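Just so you know, the sequences run in chain order W and C.
For the first sequence, the numbering used here begins at 237 and goes up steadily by one.
For the second sequence, the numbering used here begins at 237 and goes up steadily by one.
Glycine is no exception: its CB is placed at the ideal position from the N, C-alpha and C atoms.
Since the model is a prediction, treat every value here as computed from it, not as a measurement.
I have placed the structure first, in the form of structure tokens, so that the comments after it can refer back to it.
2 protein chains.
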Amino acid sequence: MTKQEQTRAPRQNTTASSEGCVVGIDIGGTNLRLALADTTGCILARHAASTADSRNAATVVAAIERGVEELMREANVPRSALRSIAAGAPGITNVDEGIVIATSYLMGWRDVPLQSMLESALGIPAIVDNDVNMAAVGESWMGSGKNVRDFVFIAIGTGVGAGVVLEGRPFRGMGWAAGEIGYMLVPGVSSEPTEHGAPGALESMVGGEGIRETWLRTWSQEKTSLPRELTATKIFEGAQTGDPLAKAILHQSAQILSYAIYNLSLVLNCPLFILGGGVGTHPVFFEATQKALEKWASRSHLKLSLSALGAEAQLMGAVRLALDLAHATPIKDK
Amino acid sequence: MTKQEQTRAPRQNTTASSEGCVVGIDIGGTNLRLALADTTGCILARHAASTADSRNAATVVAAIERGVEELMREANVPRSALRSIAAGAPGITNVDEGIVIATSYLMGWRDVPLQSMLESALGIPAIVDNDVNMAAVGESWMGSGKNVRDFVFIAIGTGVGAGVVLEGRPFRGMGWAAGEIGYMLVPGVSSEPTEHGAPGALESMVGGEGIRETWLRTWSQEKTSLPRELTATKIFEGAQTGDPLAKAILHQSAQILSYAIYNLSLVLNCPLFILGGGVGTHPVFFEATQKALEKWASRSHLKLSLSALGAEAQLMGAVRLALDLAHATPIKDK
Chain W
237 MTKQEQTRAP RQNTTASSEG CVVGIDIGGT NLRLALADTT GCILARHAAS
287 TADSRNAATV VAAIERGVEE LMREANVPRS ALRSIAAGAP GITNVDEGIV
337 IATSYLMGWR DVPLQSMLES ALGIPAIVDN DVNMAAVGES WMGSGKNVRD
387 FVFIAIGTGV GAGVVLEGRP FRGMGWAAGE IGYMLVPGVS SEPTEHGAPG
437 ALESMVGGEG IRETWLRTWS QEKTSLPREL TATKIFEGAQ TGDPLAKAIL
487 HQSAQILSYA IYNLSLVLNC PLFILGGGVG THPVFFEATQ KALEKWASRS
537 HLKLSLSALG AEAQLMGAVR LALDLAHATP IKDK
Chain C
237 MTKQEQTRAP RQNTTASSEG CVVGIDIGGT NLRLALADTT GCILARHAAS
287 TADSRNAATV VAAIERGVEE LMREANVPRS ALRSIAAGAP GITNVDEGIV
337 IATSYLMGWR DVPLQSMLES ALGIPAIVDN DVNMAAVGES WMGSGKNVRD
387 FVFIAIGTGV GAGVVLEGRP FRGMGWAAGE IGYMLVPGVS SEPTEHGAPG
437 ALESMVGGEG IRETWLRTWS QEKTSLPREL TATKIFEGAQ TGDPLAKAIL
487 HQSAQILSYA IYNLSLVLNC PLFILGGGVG THPVFFEATQ KALEKWASRS
537 HLKLSLSALG AEAQLMGAVR LALDLAHATP IKDK
């Protein structure tokens, strides 16, 4: 952890110390973010740190411990008021056993007992879940999925993943891997299995890294006046200004994403799809996907929405799960 | 209704008249089948009739009424012992309101209040559901899905549909159309929307009618020694005897079905897929699909099973739902 910063910490009079409070955590490959909330879900303080230098689980837990202390000090809440903690990790997570089964190569976690590590470090009940599921919970609680029984939250950043909410609750699947749509097979993607660690079929056409690689592979001075090294969102901006290669790649990606959304709507028959993540929430990409979906409008009456919580979705989902855990856990007599 | 026949009616001593019994019904485009069961689910009598001549909803309900009388007589059970009835219809069905929203062109039903029609005709509580969902319930109760929390039952006959069982219960979707996978978009299918009434993208490559049409379209005397007019199952038999065109069509269909199953496994993360229906349970097609799925084995540890109940799956599912309804409905004082 090299850089530590506190962001936005409204010092308000709250009932935190009497009724207790919770901490929600978003563990990412680049950043660690924490939020302290009271029992009504109101955020009391925030904390952020970098995970870029060390992503070892013990190091991350130590950073969380320091972050929690910071939050309590910042919000002027006694440590004894802390009821529970919830952490979202970027990987397949066994929620019942509290184990992060596997993250991507970037983190390299395998069977990390994160729940018990957090409980030992902090002395309060903890819950852990996949970060995209947490984001879906956040959107369900106070975002674009509010009051919608069944919906799918699709996170598109470097890669692609989905959080499935059925009957108001995250549906995680028997192997905790429901919504792993990055590997989905649709027209226009490779139907050959990819190597372990490599992006999935859908991901390689729709994820930020896949879009960047497609650009690199197809780039030539004859086709575009834009530079060879370009991120997905910069490619979208190029498409908006009329660059032919950028437009072709944008439309191809949007079309392939529309196939995946249509397939999901056939299987789950849910009325709402929420796009999240830095690539998924780019307005140019969102609009192109919405347009591509019109093709299926006669069969599938689905609504595509932008994430209302944006980068906050995971953190708010974590706060929600921590609150649920706090409500389910009787307060111990001191 | 031209032909009426009773099939297998074991005359056993049962507790039917004291504890009551239920009727399960499978309404198809060709046949109407009824089964009388005691409260333990043991079948007391069966009845079948043709629906080929008249598929009008009132006519079908009248045929059900006659069938129920036949069953009671056959099993020597008084009419007053009948507790509830459940009917599966080949279309999208609103289970809460008891309305068959839409069936295929063959039946042509639109917004048929089947539950209230049955309740009026028979004077007992009724429940209606989609027939593939009922088959999935049957497999979950006493078939290949027994003791499996989450699985997908895929019915492949003329067309293709799926019944999704999550957490032990049928998952029907907010528009009652979950599992409508006949329209799924996978590599190798057309990505253009089909006209209303026409087979869906997946269905046209994997369903019996689609396979037959592919055969017709690609048939030539140079490619095969088999006749031009051939059903899907006859094409599978031709593949087994080494006919090159039949083999090519079998493998193409099996591969495309394997893509759809893989996609379902990504979304739902369920460990089991059950193939049902006359085409889906053909051993040659089942084996080819199983082989095609091996390609994804490293990522997806799913099991493909044959329907254990075969043509009985829908009827047994109907019996199960009727029993659930009977248990949920207090017996009226006479």
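State the CB to CB distance for the pair residue 510 (chain W) and residue 543 (chain W), rounded to an integer number of angstroms; the pair is presumed to be in contact (CB under 8 Å).
-> About 6 Å; that satisfies the 8 Å criterion.
With a CB to CB cut of under 8 Å and the five nearest residues on each side skipped, what residues in its chain are close to residue 243 (chain C)?
-> The pLDDT assigned to residue 243 (chain C) is 43, lower than 50, so where the model puts this residue is not dependable, and the model offers no usable value.
Could you tell me which of C:484, C:324 and C:436 sits nearest to residue 549 (chain C), measuring between CA atoms?
-> Comparing Cα-Cα distances from residue 549 (chain C) to each of C:484, C:324 and C:436, the minimum goes to C:324.
Which chain C residues sit within Cβ distance under 8 Å of residue 534 (chain W)?
-> Under the 8 Å cutoff, chain C gives 429 and 432.
If you draw a straight line from the alpha carbon of residue 351 (chain W) to that of residue 272 (chain W), how long is it in whole angstroms?
-> Approximately 18 Å, taken between the alpha carbons.
Between the CA atoms of residue 438 (chain C) and residue 339 (chain C) - distance to the nearest angstrom = Using only the alpha carbons, I get a separation of about 18 Å.
Please confirm if residue 330 (chain C) has its CB atom under 7 Å from at least one CB of chain W.
-> Judged by the 7 Å Cβ criterion, residue 330 (chain C) is not in contact with chain W.
Name the DSSP beta bridge partners of residue 397 (chain W), please?
-> Beta-bridge pairing links residue 397 (chain W) to W:391.
DSSP three-state call for residue 315 (chain C): helix, strand or coil?
-> Here residue 315 (chain C) carries a helix assignment [DSSP, helix/strand/coil].
Would you give the residue range spanned by the alpha helix (DSSP H) that residue 487 (chain W) belongs to?
-> Counted as a single uninterrupted DSSP element, the alpha helix (DSSP H) harbouring residue 487 (chain W) occupies residues 480 to 504.
Can you find a CB in chain W that lies within less than 7 Å of the CB of residue 413 (chain C)?
-> At least one CB atom of chain W sits nearer than 7 Å to the CB of residue 413 (chain C).
So what does DSSP say about residue 283 (chain C), is it helix, strand or coil?
-> In this structure, residue 283 (chain C) counts as strand in the three-state DSSP scheme.
CA-to-CA distance, residue 419 (chain W) to residue 411 (chain W), given in whole angstroms | In a straight line, the C-alpha of residue 411 (chain W) is about 16 Å away from that of residue 419 (chain W).
Is the shortest distance between the beta-carbon of residue 416 (chain W) and the beta-carbons of chain C less than 7 Å?
-> Nearest CB-CB separation between residue 416 (chain W) and chain C: below the 7 Å threshold.
Establish whether the CB of residue 561 (chain C) and some CB of chain W are separated by less than 7 Å.
-> For residue 561 (chain C), not one C-beta of chain W is nearer than 7 Å to its own C-beta.
With 7 Å as the threshold, decide whether the Cβ of residue 575 (chain W) is near any Cβ in chain C.
-> There is simply no residue 575 (chain W) to check, as chain W begins at 237 and stops at 570 in what is shown.
For residue 369 (chain C), does the three-state DSSP call read helix, strand or coil?
-> Reduced to three states, the DSSP call for residue 369 (chain C) is helix.
Count the other CB atoms within 10 Å of the CB of residue 483 (chain W); is the residue buried (16 or more) or exposed (fewer)?
-> Answer is buried; the Cβ neighbour count reaches 16.
Nearest to residue 433 (chain C) by alpha carbon, out of C:461, C:395, C:441 and C:424?
-> Among C:461, C:395, C:441 and C:424, the Cα nearest to that of residue 433 (chain C) is on C:395.
Three CB pairs or more closer than 8 Å across the stretch 513 to 529 of chain C and the stretch 459 to 466 of chain C = With a cut-off of 8 Å, the stretch 459 to 466 of chain C and the stretch 513 to 529 of chain C do not count as touching, because too few Cβ pairs lie within range.
Where residue 523 (chain W) and residue 494 (chain W) are concerned, what is the direct C-alpha to C-alpha distance, given to the nearest angstrom?
-> In this model, residue 523 (chain W) and residue 494 (chain W) are separated by some 11 Å (Cα to Cα).
For residue 348 (chain W), which three-state DSSP category applies?
-> Here residue 348 (chain W) carries a strand assignment [DSSP, helix/strand/coil].
Where do the N-terminal and C-terminal ends of the alpha helix (DSSP H) with residue 560 (chain W) fall, by residue?
-> Unbroken alpha helix (DSSP H) run through residue 560 (chain W): 549 to 564.
Under 9 Å between beta-carbons, which chain W residues line up against residue 343 (chain C)? List them in chain order, please.
-> Residues of chain W passing the Cβ test: none, with the nearest at roughly 19 Å.
Min CB distance residue 539 (chain C) to chain W below 7 Å = No - not a single Cβ of chain W is within 7 Å of the one on residue 539 (chain C).
How would you label residue 346 (chain C), buried or exposed, when you count the other beta carbons within 10 angstroms and need 16 or more for buried?
-> By the neighbour-count rule (16 or more Cβ atoms within 10 Å), residue 346 (chain C) is not buried but exposed.
Report yes if the C-beta distance between residue 499 (chain C) and residue 421 (chain W) is below 7 Å; otherwise report no.
-> Contact flag set, yes.
Interface residues of chain W around residue 507 (chain C) at Cβ under 9 Å?
-> Within chain W, 410 and 411 have C-beta atoms less than 9 Å from the C-beta of residue 507 (chain C), given in sequence order.
Could you name the residues of chain C that residue 499 (chain W) contacts, counting a contact when the two beta carbons are closer than 7 Å?
-> One finds 420, 421 and 499 in chain C with Cβ atoms closer than 7 Å to the Cβ of residue 499 (chain W), taken in chain order.
Three-way DSSP call (helix, strand, coil) for residue 226 (chain W) in this model = The question about residue 226 (chain W) has no answer, for chain W in this structure spans 237 to 570.
Residue 306 (chain W) to residue 367 (chain W), Cα distance in whole Å?
-> Rounded to whole angstroms, residue 306 (chain W) to residue 367 (chain W) spans 23 Å at the Cα level.
Mind pulling the chain C residues with CB within less than 8 Å of residue 227 (chain W)?
-> The displayed coordinates of chain W run from 237 to 570. Any statement about residue 227 (chain W) would go beyond what the structure contains.
Residue 240 (chain C) to residue 540 (chain W) span [Cα, whole Å] | Its pLDDT being 42, under 50, residue 240 (chain C) is placed unreliably in this model, and the value from its coordinates should be taken loosely. Going by the C-alpha atoms only, they are around 51 Å apart.
Limits of the unbroken beta strand (DSSP E) element including residue 259 (chain C) | In this chain, the beta strand (DSSP E) harbouring residue 259 (chain C) covers 257 to 263.
Would you please verify whether the beta carbon of residue 368 (chain C) is less than 7 Å from any beta carbon of chain W?
-> No, residue 368 (chain C) lies away from the interface with chain W (no Cβ there is under 7 Å from its Cβ).
Any idea what DSSP makes of residue 429 (chain W), helix, strand or coil?
-> Here DSSP, grouped into helix, strand and coil, assigns residue 429 (chain W) to coil.
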